[in-house]
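Visitor: One structure, as structure tokens, below. Some questions next.
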Amino acid sequence: MYRNSKMGDGDRYFNPKYHVLHEDGLLTIKASGYEDDSEHWTGHMTLSPSEADYRFWYWMACIRQVPELVWERDLAAWKEEYARSQNASKEVVSAR
Numbered sequence: 285m286y287r288n289s290k291m292g293d294g295d296r297y298f299n300p301k302y303h304v305l306h307e308d309g310l311l312t313i314k315a316s317g318y319e320d321d322s323e324h325w326t327g328h329m330t331l332s333p334s335e336a337d338y339r340f341w342y343w344m345a346c347i348r349q350v351p352e353l354v355w356e357r358d359l360a361a362w363k364e365e366y367a368r369s370q371n372a373s374k375e376v377v378s379a380r
């Protein structure tokens with residue numbers, strides 16, 4: 285899914301509350317999930333600023349500060365909220 289990720293297969297969820305923004309701009313977010321055999325795993329994903337989803341995850345962790353677990357299956361809804369927030373920001377800027 286993402287470069288430098290330590291994640292298993294199966295159902296995944298992310299915890300943006302537990303993130304690290306590194307000096308070089310990399311963003312690491314805690315990830316966990318369950319394998320198909322119900323075994324639980326814990327890991328992380330690390331994104332570089334050049335990756336397509338970096339701004340979305342930066343918004344989730346650092347701007348929106350999402351405190352709850354985010355299941356991978358719910359990412360589409362979160363991305364819609366992110367898109368709406370970006371459009372709202374553009375509207376405010378253009379109104380000035």
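Counting the sequence shown from 1 gives a position; our numbering is that position plus 284. Using N, Cα and C, we set each Cβ at its ideal position, and we do this for glycine too.
#1: Buried or exposed: where does Ala-372 fall if 16 or more other Cβ atoms within 10 Å of its Cβ makes it buried?
#2: Would you tell me roughly how many angstroms separate the C-alpha atoms of Ala-361 and Val-354, rounded to the nearest one?
#3: With DSSP as the reference, label Asp-295 as helix, strand or coil.
#4: For Glu-365, does the three-state DSSP call read helix, strand or coil?
#5: State the DSSP-derived secondary structure class of Ala-372, mapped to helix, strand or coil.
#6: Buried or exposed: Arg-296, going by 16 or more other Cβ atoms within 10 Å of its Cβ?
#7: Alpha carbon to alpha carbon, how far is Thr-326 from Met-344?
#8: Can you have a look at Ala-315 and say buried or exposed, based on whether 16 or more other CB atoms are within 10 angstroms of its CB?
#9: Taking DSSP as the reference, what is the three-state secondary structure of Leu-353?
Guide: Concretely, from the data shown:
#1: Its Cβ having fewer than 16 others within 10 Å, Ala-372 is exposed.
#2: Cα to Cα, Ala-361 sits roughly 10 Å from Val-354.
#3: Taken through DSSP and simplified to helix, strand or coil, Asp-295 comes out as strand.
#4: Here Glu-365 sits in helix by DSSP.
#5: Correct three-state label for Ala-372: helix.
#6: The residue in question, Arg-296, is buried, as its Cβ has 16 or more Cβ neighbours within 10 Å.
#7: So the two alpha carbons sit approximately 19 Å from each other.
#8: Ala-315 comes out buried.
#9: Leu-353: coil per DSSP, three-state reduction.
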